[in-house]
Amino acid sequence: MAKKEADMGSAKGESIDELMMVNMNTNATPTPTYKVYKRRFFGLFQLVLMNIIISWDLSGGPRTVLMTGSILILVGNWIRYAGTKANNGIFGVVMFGQLLLGLSQPFALAAPTRYSDLWFTEKGRTSATALATLANPLGAAIGELVDSFWAVSPDQIPNMVLWISVIATIICVPSFFVPARPAIPPCASAEITKTPFMESIKGIVRVREFWLICIPFSVYVGFFNSISALINQILLPYGFSETDAGVAGGILIIAGLVASAIVSPINDRFKQYLLIIRIAVPIHAICYIALYFAPASPYGIAPSIVVLALFGASAFSLLPVVLEFIVEITHPYSPEISSTLLWTGGQLLGGIFTVIQTALKAGPNGHPPANMKRSLIFSAVVACVIAILPMTLNVFGPKIVNRRLEVDRGHTAEIVQLSSRSNDNTTAIADDERELEGV
Numbered sequence: 000m001a002k003k004e005a006d007m008g009s010a011k012g013e014s015i016d017e018l019m020m021v022n023m024n025t026n027a028t029p030t031p032t033y034k035v036y037k038r039r040f041f042g043l044f045q046l047v048l049m050n051i052i053i054s055w056d057l058s059g060g061p062r063t064v065l066m067t068g069s070i071l072i073l074v075g076n077w078i079r080y081a082g083t084k085a086n087n088g089i090f091g092v093v094m095f096g097q098l099l100l101g102l103s104q105p106f107a108l109a110a111p112t113r114y115s116d117l118w119f120t121e122k123g124r125t126s127a128t129a130l131a132t133l134a135n136p137l138g139a140a141i142g143e144l145v146d147s148f149w150a151v152s153p154d155q156i157p158n159m160v161l162w163i164s165v166i167a168t169i170i171c172v173p174s175f176f177v178p179a180r181p182a183i184p185p186c187a188s189a190e191i192t193k194t195p196f197m198e199s200i201k202g203i204v205r206v207r208e209f210w211l212i213c214i215p216f217s218v219y220v221g222f223f224n225s226i227s228a229l230i231n232q233i234l235l236p237y238g239f240s241e242t243d244a245g246v247a248g249g250i251l252i253i254a255g256l257v258a259s260a261i262v263s264p265i266n267d268r269f270k271q272y273l274l275i276i277r278i279a280v281p282i283h284a285i286c287y288i289a290l291y292f293a294p295a296s297p298y299g300i301a302p303s304i305v306v307l308a309l310f311g312a313s314a315f316s317l318l319p320v321v322l323e324f325i326v327e328i329t330h331p332y333s334p335e336i337s338s339t340l341l342w343t344g345g346q347l348l349g350g351i352f353t354v355i356q357t358a359l360k361a362g363p364n365g366h367p368p369a370n371m372k373r374s375l376i377f378s379a380v381v382a383c384v385i386a387i388l389p390m391t392l393n394v395f396g397p398k399i400v401n402r403r404l405e406v407d408r409g410h411t412a413e414i415v416q417l418s419s420r421s422n423d424n425t426t427a428i429a430d431d432e433r434e435l436e437g438v
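Residue numbers are given in numbering that gives the first Met the number 0: position 164 of the sequence shown equals residue 163, and the series is strictly consecutive.
As structure tokens, then:
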């Protein structure tokens, strides 16, 4: 079946609202044929496994992305093993292998939305994105257990790295056999050619709604990374053990995965992106306030576990929903570009927040000594202020249009240039139809 090309015009960097949809003339055009392949789960399974194994390593078109990420994971792991196996170990070699593993991370993080856009229909995209994306923190949690089990002493580290390298090889090799794209697209939006790289970036950054999502997403991912890394420092000053902190961190991940497993299929069915955002964002922001008080509670570790469970549940529920919502409102720009921009902001702020919160740690004269109260105040204030941004979506200005969903539901079929549009995602389909009738 011939692929429909998006006519993006000769102008460069046009905004998304310079694009409009034209109704399909069903009397003159044959009904298109779409097909959903079972083999799509093969590639999805590969994304899940790659995200799991890359988390182990970091803690101790989609086919090209899969192959590139797999090569970096394979080479990085075996170089690390060579560095640890050498006499007395070669630190520089190990770090070079670790660097390659770090470079593979963006490929695994950016791929899920593009893969689900290409292979899945509106009935399964959020769940597919959730499964592939959340495999990363799941792998991190598993890796903490696996690494400590395989290496109980320094002399066992080479064997640990060897086992991880072997598992990485087994997981990554099938990536080279994932099909580039389905022979027959699963839905109408999957057959629309996405805009080139630079045009996509220029267009996406001019969408107001993108920033209302990107800024809080980056902040919350950044704080999630920093809080996860500092759980021990947050809890230990109050007399809790490292085991208590480990249990709390594990429950954070488990609660998040369970919540996402519930919310993602619900969103696939009802497409309530904004409703989920408006419910989960305030809960997530309140968790930062509660986390300030929970460790000092007279009821022991239980309040901290409850708060961290809600923290993980709200964060993991939001993650795939937000990633898919961004694709909806920036269609037909390439999904992986918007995902990469969001993840870049989150990972960058994660490092910055970790440094800031560590610097705010109390000294030995604190009450209790070495407490993280100032760090938690910092995160709570920023998280609550930034929560205002996503809550304004669809409140001011024209109604947001889920562009990709409209295409899939048969309201639209082609994309043409429209010069007189604002930079917001504000074009309703009915308005476009009326304008076309007047042409």
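Ideal placement from N, C-alpha and C gives every residue a C-beta, glycine not left out.
Three-state secondary structure (DSSP) of residue 203
As a working note, residue 203 is residue 204 in the sequence shown. In this structure, residue 203 counts as helix in the three-state DSSP scheme.
Just tell me which of 377, 358, 379 and 378 has its CA closest to the CA of residue 369.
Taking the sequence shown and counting its residues from 1, one reaches residue 369 at position 370. Among 377, 358, 379 and 378, the Cα nearest to that of residue 369 is on 358.
Residues in its own chain within less than 8 Å of residue 511 by CB, not counting five upstream and five downstream?
For residue 511 there is no data in the structure shown, the boundaries of the chain being 0 and 438.
Spatial distance of residue 279 from residue 366 (CA atoms)
Against the sequence shown, residue 279 aligns to sequence position 280. Against the sequence shown, residue 366 aligns to sequence position 367. In a straight line, the C-alpha of residue 279 is about 33 Å away from that of residue 366.
List the endpoints of the continuous alpha helix (DSSP H) containing residue 407.
As a first step, residue 407 is located in the sequence shown; it is residue number 408 there, counting from the start. Where residue 407 is concerned, the enclosing alpha helix (DSSP H) stretches over 402-407.
Using the Cα positions of residue 209 and residue 344, report the straight-line distance between them to the nearest angstrom.
As a position in the sequence shown, residue 209 is number 210, starting the count at 1. As a position in the sequence shown, residue 344 is number 345, starting the count at 1. Near 13 Å, if we compare the C-alpha coordinates of residue 344 and residue 209.
Look at residue 110 and residue 335 and say whether their C-beta atoms are less than 9 Å apart.
Taking the first residue of the sequence shown as 1, we reach residue 110 at position 111. Taking the first residue of the sequence shown as 1, we reach residue 335 at position 336. In this structure, residue 335 lies closer than 9 Å to residue 110 by Cβ.
Compute the beta-carbon to beta-carbon distance between residue 251 and residue 308, rounded to the nearest angstrom, for a pair I have assumed lies under 8 Å.
Along the sequence shown, read from residue 1 onward, the residue named residue 251 stands at position 252. Along the sequence shown, read from residue 1 onward, the residue named residue 308 stands at position 309. Contact holds; Cβ gap of about 7 Å.
Kindly confirm or deny that the region 182-200 and the region 314-322 touch, where touching means at least three C-beta pairs closer than 8 Å.
no
Can you grab the Cα-Cα spacing for the pair residue 419 / residue 207, in whole Å?
Stepping through the sequence shown from its first residue, residue 419 is reached at position 420. Stepping through the sequence shown from its first residue, residue 207 is reached at position 208. Only weak support is given to the placement of residue 419: the predicted model assigns it a pLDDT of 33, under 50, and the value that follows is read from those uncertain coordinates. Their Cα atoms are separated by approximately 17 Å.
Quick check on the burial criterion: 16 or more other C-beta atoms within 10 angstroms. Buried or exposed for residue 442?
The structure shown does not extend to residue 442, since the chain is modelled only from 0 to 438, so the question has no answer here.
Whole-angstrom Cβ separation of residue 385 and residue 215, contact assumed at under 8 Å?
Within the sequence shown, residue 385 is the residue found at index 386, counting from 1. Within the sequence shown, residue 215 is the residue found at index 216, counting from 1. The C-beta distance from residue 385 to residue 215 rounds to 5 Å, short enough to fall under 8 Å.
Going by Cα to Cα distance, which pick from 396, 273 and 106 is closest to residue 67?
In the sequence shown, counting from the first residue as 1, residue 67 sits at position 68. Ranking 396, 273 and 106 by Cα distance to residue 67 puts 106 first.
Whole angstroms is fine: what's the gap from residue 143's alpha carbon to residue 245's?
Within the sequence shown, numbered from 1, the residue matching residue 143 stands at position 144. Within the sequence shown, numbered from 1, the residue matching residue 245 stands at position 246. Taking the straight line joining both Cα atoms gives about 10 Å.
Does DSSP classify residue 176 as helix, strand or coil?
The residue labelled residue 176 in the question sits at position 177 within the sequence shown. Three-state result, residue 176: helix.
On the DSSP letters alone, give me the boundaries of the alpha helix (DSSP H) that residue 80 sits inside.
Reading the sequence shown from its first residue, position 81 is the one you call residue 80. Counting along the chain, the alpha helix (DSSP H) containing residue 80 begins and ends at 61-84.
List the endpoints of the continuous alpha helix (DSSP H) containing residue 186.
The residue you call residue 186 lines up with position 187 of the sequence shown. Premise fails: residue 186 is in no alpha helix (DSSP H) and is neither H nor E.
Contact between the region 85-92 and the region 292-306 is defined here as three or more beta-carbon pairs at a separation below 8 Å; is this criterion met?
no
Which same chain residues, not among the five before or five after residue 236, have their C-beta less than 6 Å away from its C-beta?
Sequence index remark: in the sequence shown, residue 236 carries index 237 (1-based). The beta carbon of residue 236 is closer than 6 Å to those of 367, 369 and 370 in its chain, skipping five residues each way along the sequence.
Would you check if there are 3 or more beta carbon pairs closer than 8 Å linking the region 379-396 to the region 272-286?
yes
Verify the contact flag: residue 356, CB atom, against every heavy atom of the ligand PLP, threshold strictly below 8 Å.
You won't find the ligand PLP in this model; it holds no ligand whatsoever.
Under the rule that 16 or more other beta-carbon atoms within 10 Å means buried, what is residue 179, buried or exposed?
Within the sequence shown, numbered from 1, the residue matching residue 179 stands at position 180. Exposed is the call here.
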